[in-house]
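The structure appears below as structure tokens.
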Amino acid sequence: MAQEPLFEPWNDPSEKPLIQFKNVTKRFGDFIAIDDLTQDIYEKEFFALLGPSGCGKTTMMRMLGGFETPTSGTISIAGQDMNNVPPNKRAVNMMFQSYALFPHLSIYENIAFGLRRTDMAKDAIDARVNEMLKLTRLEKFAQRKPHQISGGQRQRVALARSLAKAPKLLLLDEPLGALDKKLRQDTQFELMDIQEKTGTTFVIVTHDQEEAMTVASRVAVMDEGRIIQVATPDAIYEAPNSTYVADFIGDVNLIKGTAELRVSSKPAEQTTPETLEAPADPFVDDTPRPQPNKLGEWLHDKVLSPIIGERDEPIKRLPPPSAAELTATPEVTSDIPEGGIALNWSDQHPAIIVSNGDEAQDGKALTFAIRPEKLNIAKDKPDAANALQGTVIDIAYLGNVSTYHVELKGGQMIKAQMANARRLAKRDITWEDTVWVSFTDTAGVLLER
Amino acid sequence: MRRFALIAVPYLWLLALFLVPFLIVMKISLSDIALAIPPYTPKLDLTGGWDAVTSFFKALDFENFEFLTSDDLYWKAYLSSFKIALISTVLALLIGYPIAYSMARAAPEWRPTLLMLVILPFWTSFLIRVYAWMGILSNEGLLNQFLLWTGLISEPLTILNTNTAVYIGIVYTYLPFMILPIYSTLEKMDDSLLEAAEDLGCSRTSAFWLITVPLSKTGIIAGCFLVFIPTLGEFVIPSLLGGSQTLMIGKVLWEEFFNNRDWPVASAVAIILLLILIIPIILFQRNEQKQREMEG
Amino acid sequence: MKRFTWFNVTALTLGFAFLYLPMVILVIYSFNESKLVTVWAGFSTKWYGELLQNEAFLNAAWVTIKVAVFSSTLATVLGTMAAYVLVRANRFKGRTLFSGMIYAPLVMPEVITGLSLLLLFIGIGLDRGVLTIVLAHTTFAMCYVSVVVSSRLVSFDRSLEEAALDLGCSPWQAFRLVTLPIIAPAVISGWLLAFTLSLDDLVIASFTAGPSATTLPIKIFSAVRLGVSPEINALSTIMIAIVTVGVISASLISKQASLKQQRDEQAAARG
Chain G
1 MAQEPLFEPW
11 NDPSEKPLIQ
21 FKNVTKRFGD
31 FIAIDDLTQD
41 IYEKEFFALL
51 GPSGCGKTTM
61 MRMLGGFETP
71 TSGTISIAGQ
81 DMNNVPPNKR
91 AVNMMFQSYA
101 LFPHLSIYEN
111 IAFGLRRTDM
121 AKDAIDARVN
131 EMLKLTRLEK
141 FAQRKPHQIS
151 GGQRQRVALA
161 RSLAKAPKLL
171 LLDEPLGALD
181 KKLRQDTQFE
191 LMDIQEKTGT
201 TFVIVTHDQE
211 EAMTVASRVA
221 VMDEGRIIQV
231 ATPDAIYEAP
241 NSTYVADFIG
251 DVNLIKGTAE
261 LRVSSKPAEQ
271 TTPETLEAPA
281 DPFVDDTPRP
291 QPNKLGEWLH
301 DKVLSPIIGE
311 RDEPIKRLPP
321 PSAAELTATP
331 EVTSDIPEGG
341 IALNWSDQHP
351 AIIVSNGDEA
361 QDGKALTFAI
371 RPEKLNIAKD
381 KPDAANALQG
391 TVIDIAYLGN
401 VSTYHVELKG
411 GQMIKAQMAN
421 ARRLAKRDIT
431 WEDTVWVSFT
441 DTAGVLLER
Chain F
1 MRRFALIAVP
11 YLWLLALFLV
21 PFLIVMKISL
31 SDIALAIPPY
41 TPKLDLTGGW
51 DAVTSFFKAL
61 DFENFEFLTS
71 DDLYWKAYLS
81 SFKIALISTV
91 LALLIGYPIA
101 YSMARAAPEW
111 RPTLLMLVIL
121 PFWTSFLIRV
131 YAWMGILSNE
141 GLLNQFLLWT
151 GLISEPLTIL
161 NTNTAVYIGI
171 VYTYLPFMIL
181 PIYSTLEKMD
191 DSLLEAAEDL
201 GCSRTSAFWL
211 ITVPLSKTGI
221 IAGCFLVFIP
231 TLGEFVIPSL
241 LGGSQTLMIG
251 KVLWEEFFNN
261 RDWPVASAVA
271 IILLLILIIP
281 IILFQRNEQK
291 QREMEG
Chain Y
1 MKRFTWFNVT
11 ALTLGFAFLY
21 LPMVILVIYS
31 FNESKLVTVW
41 AGFSTKWYGE
51 LLQNEAFLNA
61 AWVTIKVAVF
71 SSTLATVLGT
81 MAAYVLVRAN
91 RFKGRTLFSG
101 MIYAPLVMPE
111 VITGLSLLLL
121 FIGIGLDRGV
131 LTIVLAHTTF
141 AMCYVSVVVS
151 SRLVSFDRSL
161 EEAALDLGCS
171 PWQAFRLVTL
181 PIIAPAVISG
191 WLLAFTLSLD
201 DLVIASFTAG
211 PSATTLPIKI
221 FSAVRLGVSP
231 EINALSTIMI
241 AIVTVGVISA
251 SLISKQASLK
261 QQRDEQAAAR
271 G
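Protein chains in written order, with UniProt numbering: chain G, 1 to 449; chain F, 1 to 296; chain Y, 1 to 271.
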């Protein structure tokens, strides 16, 4: 989500946060829903609380709405301590998961409900309600009752009703959970649009990571009453701070090992990752190479094999790597910048080289995390910083991409995702193939927890 | 504060008009009859200070309960109430189950109407429904006229003012309480269960006994308690349809209180009746809870 | 329905005949000319006329209606409060006793309820009359009301109330503007139930009524003890007619409302 100019109040020390959680703990009997949580949220942010059910995200939101009070700690909004302020005295409105539309009131009256609780003049209320109806494109339905409109329309009524009082802060509790997938995607953009138009601070609770990534300016990943990481969606995805976050957001391969400091003989800045990444795509060089063999292959398949029987397996498979080939691996890595961390994880494979690893991690037990789409898969050994050999166990065709499940020697499973740029028929990697999985030295991250 | 008032108002009301009266009954059951107004002794006189309170408690005893065991009228009345309640419950089950079953088998568009027909008598006066049988069951009543006309009998049967009339009256007035819970469990039952049972080799009859009846067990139990519990303390039916030989504890209590003006004994009768009722009430509650848990 | 057999038809026919024949006979004989209730002597409405002349019955009916209106209204207020407490207030001292006191009167034999209330009224020196009957009826009817209302409140979406608070309502406003209109059908049926129970009650009224106030059931009971009378038949017919008309029209109205709702929802689903 690109915003211009760059919207990053959390990096600006002069900016004052709108919402401050200070050492907030919430217990329900013995159960700790929120565990000593401290967090700032800034004005005009679209802040997402993401986590599995029971992680405390809903409790956090209900405390902002005033429906729960913290057991200890303080929550302040715009500098004011909110602990003893009841929900009806807060400039905060909430959009409920069930929408909570009043079934006995018309759409118009539902939207006007909050305004009628203030001392606003009648015609001012009318103007405001009409404005909200227009914003959410519900003008035609003003006189209907909630049960007379569709689910998507109900969702918009709930939004209009909670925005009608122009709150400083809008809380959205799984706002799109009840909608089907297509409608949900459209509504996500609509929400972002409305948030930008009204300039309201939005705090959204969701368990749908895709939704959080799409709409939010910052995402807080929660687990067991704690915030594990708060960052922009791209930072959360590219640089998760823990295996929990890496695993919760999207798909990830995790490899456990021990870090070893790589001896740095040359200064690290001498190399740039770009020059290394270029030859990493084997398909670019691959394409012309099989061509001279096409005729032979055709002859073999169509003419010879009906006569002499089954197609000869070893022809399709690469010969098993010789001992020389395996010992030769370190020679390939001689091209790679020195420095960073090498992760020893298996005695059957070379160490994984992570040049963006922190030198302070030396000797620690770490987990290497890499996204499936950052992996390349090829039959011939590529010239890459890291190349691991394995066997294709399964291929999941997902239309735009295919996911290859590769079992490395020693049993480690790796998922690699490749864009289906070419037609399926031409795919030259198939089940049982021995392949090389490769990735650059900056493609993954090393995680301590 | 508002929450406090919300709880306090109904709470105090029930304390004052349910719990306190009940404690008074307990206290009087331990007192002695006296020719006074009110007709019992001792009376608590708080102006007398601590001595008055201690002497008040000293004067309380279980004499009335001993009296209840010595006079066989009472234990016979309890036993006979229990017997009448039990037989009526079984009769109501035998009549109510086929009705509930047939209602549940009826076409869905008919069910609300049938249900309303079962509930309708519940809204009409209990007294009138009992009274309606008086004209039917009397010696020159319609039932006897009908039976004489068909030639089944040559002399009118004496039904009114017998236990038979009491059974008829109880089954008639409490039948909806039996039908409704059974119907609601049967209605929820999935028809494909019966088809599955038949598919696996059950006959229709054995499918009924092996599938339908066990699945409607909670409804049957609920219905039985809903008939049994109020019948045990019934007063109107035995006094209108029953005869002088019909002994039911509700009637005994009434007579003890209004005719003999023996309040302490009437209170003791009430306390014993409640003690007897506690067991079926607890069983009923447990059945209800089980059903709620099953429904999740 | 494939399993609807002759057995089902017979069971239903006999069952409903058993339930309704006695009342039908009662209604028919209320139009009997003869004083002897078991002998048909031609159609007449004279017993209705005599009934309307009978001051004692009319007075008793008036007392009964007064008692029923007051006690059912009071019982509805108290019962709704009690239901709210039962469903919403999870933890407070004496909650077990409270729910016990709500459920106990439902299973308590009427003779015991009546006896205990009478002893209380005598104990505090309250003269028996309309007031004592109202107090007694309110007490047991509020328990029925709270059961009816709490069964509705349990399924009530609590976020509706929270939404009202969120939009600036005080708790009382939230109850009045949102909760009450939505649970209104349950509250109304609770009131009707309380009203009917009060109209119908003989035993508790007998204990708590004084010479100054006699209710209709007490009057009917003492008349009926002496035997069947055509006037009582006429009175019963009127009461049956009122109930029948009331129940049937209520069920028709609610059926129509639910049909309309269904149609609306289908229309909304189509877009």
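C-beta: ideal position from N, C-alpha, C; glycine also.
Just so we're clear, the structure is a prediction, and the values are computed from it rather than from any experiment.
Extent of the continuous alpha helix (DSSP H) run through Glu110 (chain Y): 110-123
Answer with yes or no whether the minimum CB distance from Ala197 (chain F) to chain Y is below 9 Å. no
Counting only Cβ-Cβ distances shorter than 7 Å, please list the residues of the segment 11-39 of chain F near chain Y, keeping chain order. Tyr11, Trp13, Leu14, Leu17, Phe18, Leu19, Val20, Pro21, Phe22, Ile24, Val25, Ile28, Pro38
Outcome for Asp186 (chain G) when other beta-carbon atoms lying within 10 angstroms are tallied against a minimum of 16: exposed
Ignore the nearest five residues each way along the sequence and tell me which others in Arg2 (chain F)'s own chain have a CB closer than 6 Å to its CB. none
Do you know whose CA, among F:Gly141, F:Leu277, F:Ile168, lies nearest Leu157 (chain F)'s CA? F:Gly141
Minimum Cβ-Cβ distance from Met294 (chain F) to chain Y less than 9 Å: no
Please work out which residues of its chain come closer than 6 Å, Cβ to Cβ, to Gly223 (chain F), disregarding the five sequence neighbours upstream and downstream, and give them in chain order. Met178, Pro181, Ile182
Determine the DSSP secondary structure at Ser402 (chain G), reduced to helix, strand or coil. strand
Are Glu373 (chain G) and Val392 (chain G) closer than 9 Å when you measure CB to CB? no
Give a yes or no on whether 9 Å exceeds the smallest Cβ distance from Phe102 (chain G) to chain Y. yes
Report all residues from its chain with a CB closer than 7 Å to the CB of Leu162 (chain G); omit the five preceding and five following residues, and keep chain order. According to the sequence provided, residue 162 (chain G) is Ser. The question's Leu does not apply to it. Correct list, in chain order: Asn93, Met94, Met95, Leu170.
Mapping the DSSP letters down to three states, classify residue 477 (chain G) as helix, strand or coil. The structure shown does not extend to residue 477 (chain G), since chain G is modelled only from 1 to 449, so the question has no answer here.
Put Glu161 (chain Y) into one of helix, strand or coil per three-state DSSP. helix
When you compare each of F:Ala16, F:Ile24, F:Ala5 to Ala268 (chain F) by their alpha carbons, which one comes out closest? F:Ile24
Counting only Cβ pairs nearer than 8 Å, list the residues of chain C close to Thr158 (chain F). Within the model displayed, chain C is absent; protein chains G, F and Y are what it includes.
With DSSP collapsed to three states, give me the class of Glu277 (chain G). Low confidence applies here, because Glu277 (chain G) scores a pLDDT of 40, under 50, leaving its location unreliable; read the following figure in that light. Here Glu277 (chain G) sits in helix by DSSP.
Can you tell me which of the three DSSP states Gln417 (chain G) falls into? strand
DSSP-derived helix/strand/coil call for Trp436 (chain G): strand
Work out the CA separation of Ala85 (chain F) and Thr215 (chain Y) for me, nearest whole Å. 29 Å
Could you give the residue range of the beta strand (DSSP E) that holds Gly151 (chain G)? That residue, Gly151 (chain G), is in no beta strand (DSSP E); its alpha helix (DSSP H) goes 151-163.
Considering only the alpha carbon of each residue, which of G:Arg262, G:Gln97, G:Phe31, G:Lys16 lies closest to Ser76 (chain G)? G:Lys16
Could you pull the DSSP bridge partners for Asp394 (chain G) from this structure? G:His405
If you count every other CB in all the chains shown that lies within 10 Å of the CB of Gly411 (chain G), and 16 or more means buried, which is it? exposed
Name the two residues that bound the continuous alpha helix (DSSP H) containing Gln173 (chain Y). 171-174
Assuming contact is defined by CB atoms lying nearer than 9 Å, are Gly190 (chain Y) and Val148 (chain Y) in contact in what I supplied? yes
Cβ closer than 9 Å: which chain Y residues qualify as neighbours of Asn88 (chain G)? Ala164, Leu165, Asp166, Leu167, Gly168, Cys169, Ser170, Pro171, Gln173, Ala174
Mind checking Asp12 (chain G): buried by the 16 CB within 10 Å criterion, or exposed? exposed
Quick one: is Leu276 (chain G) near chain Y, going by C-beta distance under 9 Å? Caution applies to Leu276 (chain G), whose pLDDT of 38 falls short of 50 and renders its modelled position unreliable; the value that the coordinates give is listed next. False, the Cβ-Cβ gap to chain Y never drops below 9 Å.
In its own chain, which residues sit with a C-beta less than 7 Å from the C-beta of Val435 (chain G), not counting the 5 before and 5 after it? Ile377, Ala378, Lys379, Gly390, Val392, Val406, Ile429
Straight-line Cα distance separating Leu167 (chain Y) from Phe108 (chain G): The sequence given here has Tyr at residue 108 (chain G), not Phe. Rounded to whole angstroms, Tyr108 (chain G) to Leu167 (chain Y) spans 15 Å at the Cα level.
Let's test the definition: count the other Cβ atoms within 10 Å of the Cβ of Ala160 (chain G) and tell me whether it reaches 16, buried, or not, exposed. buried
If you pair each beta-carbon of the segment 172-188 of chain G with each one of the segment 129-144 of chain G, do three or more pairs fall below 8 Å? no
Verify the CB distance criterion: does Val354 (chain G) have a CB-CB separation below 9 Å to chain Y? no
With DSSP collapsed to three states, give me the class of Val205 (chain G). strand
Which stretch, first to last residue, makes up the alpha helix (DSSP H) that contains Ile65 (chain Y)? 55-88
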